[in-house]
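Chains as they are written, first to last, in the working numbering: chain B, 23 to 204; chain G, 255 to 842. Report on one structure; see the data block that follows.
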C-alpha cells in the first residue's frame with residue numbers, strides 16, 4: 023500500500039450492497055430530472071436504470087423509477103436526500119426481490135435470419151409473452167416484458183438466432199393488491 | 255382592473271413585502287431594468303460590492319449576524335458564476351440567501367448569447383432550490399417561494415434567474431399574505447416519547463456530554479437561551495463545533511472548548527470516552543469525528559437535527575430526534591422540570607467521577623503555547639484582541655486557515671450570532687466581505703475580521719466597499735507570510751517541503767490601506783501590541799491591521815485526520831515525547 027498523506031481519513035469498511043428500486047413522484051417541471059439525477063451523481067450514488075414519464079397530466083406529476091445499489095445507510099440517505107428536493111412529493115423504496123412488488127422491464131429485440139432461426143428465437147422468448155411488432159422476409163422485431171435478469175438470459179440465448187439489435191427500458195414497479203403507496 | 259407592474263417592479267414589491275432592507279449586488283446588462291427601478295424604493299438600500307463573490311459573502315455575514323435572509327443581486331454570465339463560491343459556502347453552512355440573477359432574454363436562451371450561461375444548471379447542486387422564471391405571471395409567486403425555501407427548515411441559499419424580457423413584461427401583483435409563522439413546527443417530527451427516552455438515557459449516564467453545533471445558532475437566540483438552561487439543570491459538560499461557538503458562553507466552567515481537529519484535549523477526550531453523547535444541531539463532520547470507525551466507541555448517541563438527512567449520514571445514532579433545536583430543548587427542559595425536579599442534585603454523584611476525569615484532561619492545558627517577548631505569537635495576538643474587545647459587543651469574522659483556528663480557540667464568545675466563519679466549504683476570502691455584511695446589519699458595533707495575509711488578498715477589493723459606505727470594519731491580519739495551515743501540514747507530513755506556500759512580494763498592507771482611503775496600522779513587537787490594538791478600536795474608520803507574527807508557529811492541538819479523538823498531537827511543550835512516527839504519518 024502506498025503511504026497516504028491525505029488531509030482526509032481513509033475509507034472505512036464497506037458494507038453489504040443491496041439493490042433497491044426507488045420510486046419518486048415529482049412535479050413535471052423543467053430541470054426536475056436533472057435535479058434527481060444530479061443528486062445521484064453529485065453524491066456518488068449509483069443508477070442501474072431509470073424510467074420516467076408523466077403519470078398525472080392534470081396535476082403535472084411524473085413518476086421516476088430508479089434502480090440503484092448501495093449499503094442500507096446509502097439507500098436511507100438517497101431517500102432522505104430525495105425527500106428534501108422541493109419538487110419531490112413522495113419517495114418509495116422497494117427491495118429487489120420483494121414479493122409484494124411487481125417489477126417489469128421491456129425490451130425490443132431485432133433478429134435477422136431465416137424462418138427456422140426466427141421460429142427458434144420465438145420459442146426462446148415464449149415465456150415472456152413475445153409480441154411480434156414487425157416482420158419481413160429476413161427479420162423480425164420482438165417485444166418482451168420481463169425482469170432484468172430474465173431479459174439478460176434471453177439476450178444471451180438469442181445470440182445464436184441472429185439477434186442484431188436490442189433496445190431496453192429501465193424498470194417500472196407497482197405494488198400488488200389493492201393497496202397504493204401513500 | 256388592478257394595476258399592472260413590470261417584472262422589475264414586481265421584484266421590488268416582493269422584496270418590500272419580505273421586509274428586505276439591504277441588497278448586496280453588482281449591476282450588469284441583464285439586470286439593468288431592476289437597477290433602473292431601484293430609485294423608486296427608498297426602504298431598500300443597495301450595497302455596491304467590487305466582485306460578486308463579495309456580494310455573496312457580505313450577504314452571508316449579514317444573514318448570520320442578524321438572522322434575516324441575505325439578498326444578492328447579480329447579472330447574467332460572469333455575475334452568476336462569480337457568486338457560485340458564496341452560494342456553495344452558504345449551502346455548506348446552512349445560511350439563508352436569496353440570490354436574484356439576470357439572464358439573457360428568453361428567446362436568446364440556448365444560443366450562447368453575450369453573457370449567457372446556464373445559471374440554474376450551474377447552481378443546481380449548490381442551492382436548496384433554484385428557478386428560471388420564463389413567465390411573468392410566475393414571478394411574484396416564485397420570489398416569495400424562494401424566500402420561504404431559504405428560511406424554513408434547514409436554511410440555505412436559493413437562486414431566482416430572471417431573463418431580461420421578463421423584467422420588462424407586465425403582470426398583476428397579487429396581495430401578499432405572509433404565511434403565519436409556523437415556528438418550525440412543520441419540521442418537528444418528534445413526540446413526547448422521544449423526549450422521555452432522552453431523559454431516561456440522561457438519568458443513567460455516567461459520562462455524558464453535549465455536542466452542539468450551528469443548528470443551535472440557526473434555531474434563533476431562544477435556542478441558545480434554552481441550551482444554557484438545559485446545560486445548567488443537567489450539570490453535564492458541553493463542547494461545541496466551530497459553527498456553534500457563541501451558543502454557550504465560552505468562559506463558563508461547564509464548557510470544554512471547541513472539539514474536532516484543532517479542538518481542546520478535554521473536549522476530544524471527553525467525546526471519545528463518553529457513554530452518552532447528545533448531539534444538538536451538529537452534523538458529525540469529518541473534521542469533528544476523525545476516524546469514523548473509532549469515533550466515540552462506547553457511547554449511546556442522541557442526534558437532534560431539523561434535517562432528517564443529517565441523521566445516520568456519517569455516524570449511526572441510537573436515538574434520532576428530527577425537529578427544531580429550540581422546540582426540542584424547550585420540551586426537554588419542561589419535562590425534566592415536571593418529572594425530575596431534582597435532576598441536578600440526584601445526578602451530581604452520577605457524573606462526579608466524570609468531572610474529575612475532565613479536570614485531569616483540562617490540566618494538560620492544551621491551548622498553551624510558548625510566548626515570546628521578541629516576536630508576536632499569533633495566539634497571543636488573539637488573546638490580547640479578546641481582552642481588549644470583550645467588554646464591547648464584538649462581532650468576529652474570519653478567513654480560513656491557522657488564524658481561524660486560533661481565533662476559535664482563544665476568542666471566547668458568549669452570545670450567538672457574533673462569530674461568522676466559513677466552516678463547511680472553508681472559503682479563503684470569506685471574512686472581509688462577511689465583515690462588510692455584518693457591519694451593515696450592526697452599524698454601531700465593533701466588527702473585526704481576524705485574517706491571514708494570504709486569505710485576505712483573495713477578496714481585498716471589498717475594502718473599497720467598506721470605504722464607500724463608511725463601514726469601520728477592522729481587518730486584523732496575522733501576517734506570517736505563509737499560507738500557514740498549508741505550511742503546517744507540509745512541515746508535519748511532507749518533510750518540510752514548503753512547496754508554493756510562501757508568498758513572496760506581499761503588498762505593504764499599511765500603504766494598501768492608505769491607497770484604499772482607510773487606516774493602516776502595523777504591530778511588530780509584543781510590547782506595542784496592546785497600544786496598537788486600542789488605536790485600531792478607537793478609529794472610526796475601516797482599518798487594515800498588519801500584525802507581524804511568528805512565521806513558523808503551528809496550530810495545536812491537532813488530530814491528524816485518520817486518527818481517533820484520543821490520539822491528539824499537543825503543542826511544543828509536549829512534543830518532545832510525542833513525535834509523529836513514521837507509522838502515524840501514513841494514517842494522516
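Ideal Cβ placement from N, Cα and C applies to all residues, glycine included.
Check: Where residue 564 of chain G and residue 120 of chain B are concerned, what is the direct C-alpha to C-alpha distance, given to the nearest angstrom?; Outcome: 28 Å
Check: Compare the Cα-Cα distances from residue 98 of chain B to each of B:89, B:88, B:115 and B:82 and report the closest residue.; Outcome: B:115
Check: At the level of alpha carbons, what is the spacing between residue 198 of chain B and residue 529 of chain G?; Outcome: 46 Å
Check: Could you tell me how far apart the beta carbons of residue 514 of chain G and residue 542 of chain G are, in whole angstroms, since I believe they sit closer than 8 Å?; Outcome: 4 Å
Check: Run the CB neighbour count on residue 771 of chain G, radius 10 Å, all protein chains shown included, and call it buried at 16 or more, exposed below.; Outcome: exposed
Check: Mind pulling the beta strand (DSSP E) runs of 3 or more residues that sit fully within the region 548–629 of chain G?; Outcome: 554–559 and 573–576
Check: Three or more beta-carbon pairs under 8 Å between the region 155–165 of chain B and the region 33–53 of chain B, yes or no?; Outcome: no
Check: Kindly give me the distance between the Cβ atoms of residue 816 of chain G and residue 800 of chain G, rounded to whole angstroms, as I take these residues to be in contact under 8 Å.; Outcome: No, residue 816 of chain G and residue 800 of chain G are not in contact; Cβ-Cβ is about 36 Å, not under 8 Å.
Check: Can you tell me where the beta strand (DSSP E) holding residue 337 of chain G begins and where it ends?; Outcome: Segment: none, residue 337 of chain G is in no beta strand (DSSP E) and carries neither H nor E.
Check: Give a yes or no on contact between the region 686–697 of chain G and the region 737–752 of chain G, applying the rule of three or more CB pairs nearer than 8 Å.; Outcome: no
Check: Would you say residue 200 of chain G faces chain B, with C-beta separation under 8 Å as the test?; Outcome: Absent from the model: residue 200 of chain G. The displayed extent of chain G is 255 to 842, so no value can be given.
Check: In whole angstroms, what is the alpha-carbon distance linking residue 644 of chain G and residue 412 of chain G?; Outcome: 35 Å
Check: What residues from chain G crowd round residue 98 of chain B, counting only those whose CB sits closer than 7 Å?; Outcome: 566
Check: To the nearest whole angstrom, what separates the beta carbons of residue 463 of chain G and residue 490 of chain G, a pair I think is in contact under 8 Å?; Outcome: 6 Å
Check: Identify whether residue 727 of chain G lies in helix, strand or coil by the three-state DSSP scheme.; Outcome: coil
Check: DSSP three-state label for residue 156 of chain B, please.; Outcome: strand
Check: Give me the DSSP bridge partner(s) of residue 756 of chain G.; Outcome: G:736
Check: Identify every residue that forms a DSSP beta bridge with residue 743 of chain G.; Outcome: Looking at the DSSP assignment, residue 743 of chain G forms no beta bridge with any residue, so it has no partner.
Check: I'd like to know whether the C-beta atoms of residue 512 of chain G and residue 819 of chain G end up nearer to each other than 8 Å.; Outcome: no
Check: List the residues of chain G that residue 32 of chain B touches, going by C-beta distances under 7 Å, in chain order.; Outcome: 816
Check: How would you write the range of the beta strand (DSSP E) that residue 417 of chain G sits in, first residue to last?; Outcome: 411–417
Check: Under 8 Å, do residue 334 of chain G and residue 326 of chain G count as touching if we go by C-beta distance?; Outcome: no
Check: At least one CB of chain B closer than 8 Å to the CB of residue 378 of chain G: is that the case?; Outcome: yes
Check: For residue 37 of chain B, which residues in chain G fall below 9 Å Cβ to Cβ?; Outcome: What residue 37 of chain B touches in chain G: nothing, since even the nearest Cβ is about 11 Å away.
Check: If you measure from the beta carbon of residue 165 of chain B to each beta carbon in chain G, is any gap under 8 Å?; Outcome: no
Check: Please report the straight-line C-alpha distance between residue 191 of chain B and residue 174 of chain B, rounded to a whole angstrom.; Outcome: 13 Å
Check: Leaving out five residues before and five after residue 264 of chain G in sequence, what residues of the same chain have Cβ atoms less than 6 Å from its Cβ?; Outcome: 393, 394 and 427
Check: Check whether the Cβ atoms of residue 130 of chain B and residue 183 of chain B sit closer than 8 Å, and answer yes or no.; Outcome: no
Check: From residue 776 of chain G to residue 764 of chain G, what distance separates their C-alpha atoms?; Outcome: 7 Å
Check: For residue 383 of chain G, which residues in chain B fall below 9 Å Cβ to Cβ?; Outcome: 57, 107, 108 and 109
Check: Could you please tell me which residues of the region 144–159 of chain B, in chain order, have their CB closer than 8 Å to any CB of chain G?; Outcome: none
Check: Just mark residue 601 of chain G as buried or exposed, buried being the case when its beta carbon has 16 or more other beta carbons within 10 Å.; Outcome: buried
Check: Between residue 408 of chain G and residue 348 of chain G, is the Cβ-Cβ spacing less than 8 Å?; Outcome: yes
Check: So which of B:55, B:138 and B:125 has the shortest CA-CA distance to residue 104 of chain B?; Outcome: B:55
Check: Look at the alpha carbon of residue 88 of chain B and the alpha carbon of residue 193 of chain B, and state the distance between them as a whole number of angstroms.; Outcome: 7 Å
Check: Which runs of the alpha helix (DSSP H) fall wholly inside the region 118–184 of chain B and span at least 4 residues, in chain order?; Outcome: 137–147 and 170–180
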